[in-house]
Structures are given as structure tokens and as C-alpha cells.
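The block underneath contains the structure these notes are about, expressed in C-alpha cells.
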Amino acid sequence: MSKNKIIMIIAAVVIIAAVAIGAVAMNKSKVVATVGDEKITKDQLYDALLAQGGSSVLDSLIEQKVISKEAAKQNIKVTDKEINAELENLKSQYGGEDALNQALASSGVKLSELKKDLKTNIEAKKNGRVDY
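Be aware that the sequence shown starts at 2, since it is given in the numbering used here, and climbs by one per residue.
Put into C-alpha cells, the structure is as follows:
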């Protein structure tokens with residue numbers, strides 16, 4: 002290979018690396034909110050969320066993934082009927098559908114998120130996990 006080709010390849014690699022590093026740096030400094038002329042970056046948001054219980058959220062996400070993977074491995078299926086039965090139990094515990102919806106709204110939880118959590122809980126129960 003000629004010396005010029007090697008130099009061109011090295012230059013291309015350096016340019017690609019510089020572009021990639023710039024893209025990562027720009028993504029980290031991405032502005033997610035602005036208050037007046039003050040900017041809140043994605044990094045600042047991440048740091049604040051982590052400081053305010055982020056490790057417990059991470060633990061919960063990991064636990065959900067482990068349960069889902071184990072359920073798939075064990076061929077455990079959860080039906081809409083089972084999820085809806087659990088949802089009906091929650092409605093009665095809260096004193097009706099309106100009360101449950103109000104609790105969800107005040108917590109900032111969507112019904113779809115609740116159903117996903119119910120599915121994970123049912124998978125855990127079917128797999129013999131009573132601690133989830």
C-alpha cells in the first residue's frame with residue numbers, strides 16, 4: 002500500500018472519530034428545558050434524577066428486565082384477561098375506577114404503564130417470585 006493511501010486512511014479515521022466524539026458531546030449537552038435564559042442540559046437532568054433516587058429506579062428497571070427474560074425463558078405467558086383482573090382488583094382497592102384514575106394522575110403514572118407493571122407482577126408470581 003502506498004504512503005499516500007495510508008495517510009488518507011488515517012485521516013479518514015481521525016475525521017470519523019472527531020465527528021463521533023462531537024456527536025456524543027453534543028448529545029450530552031442537549032438542552033431539555035430553558036428557564037428564561039438558563040438552560041438545563043440532559044446531563045444536568047440525569048445527574049439530578051440519579052441523586053433523587055435514581056439508583057432505586059435503576060434497580061427496579063433491572064428487576065423488571067430479569068423477570069421478563071426469565072418469563073420468556075420459562076415460556077410464561079400473561080393474558081390481557083389476567084391483567085384486567087388485576088386491574089379490577091386495584092379499582093376495588095381504591096374504591097372505584099375514578100379513584101384509581103385520580104391516584105394514577107396525581108402520581109403521573111399512565112394506565113399503560115400500570116398495565117405493564119401488572120404484567121411484570123403476574124410474570125413474577127407465575128415464576129414463583131413472591132418478593133416482587
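Ideal placement from N, C-alpha and C gives every residue a C-beta, glycine not left out.
Cβ-based neighbour list, residue i, same chain, cut-off 7 Å, excluding 5 preceding and 5 following
i     : result
Glu83 : Ile123
Own chain residues within Cβ distance below 8 Å of residue i, not counting five before or after
i      : result
Ala104 : Tyr95
Thr35  : Ile41
Glu39  : none
Under 8 Å between C-beta atoms of residue i and residue j
i      : j     : result
Leu119 : Glu87 : yes
Leu46  : Val33 : yes
Ser30  : Asp44 : yes
Asn128 : Gln65 : no
Residues of its chain near residue i, where Cβ-Cβ distance is below 6 Å and the 5 sequence neighbours each way are ignored
i      : result
Ile68  : Thr121, Glu124, Ala125
Lys135 : Coverage of the chain is limited to positions 2 through 133, which leaves residue 135 absent and any answer about it impossible.
Leu62  : none
Environment of residue i [buried if 16+ CB atoms lie within 10 Å]
i      : result
Leu112 : exposed
Leu50  : exposed
Leu101 : buried
Selected residue, minimal CA-CA separation from residue i, among the options
i      : options               : result
Asn90  : Gly54, Leu115, Asp60  : Leu115
Thr80  : Asp60, Lys117, Ala106 : Lys117
Ile130 : Gln53, Ile77, Ser107  : Going by the sequence as given, residue 130 is Arg instead of Ile. Here the closest residue by C-alpha is Ile77.
Whole alpha helix (DSSP H) runs in the region 29 to 106 with 4 or more residues, listed along the chain? DSSP assignment within the region 29 to 106 yields the following whole alpha helix (DSSP H) runs of 4 residues or more, N-terminal first: 43 to 50, 56 to 74, 81 to 95.
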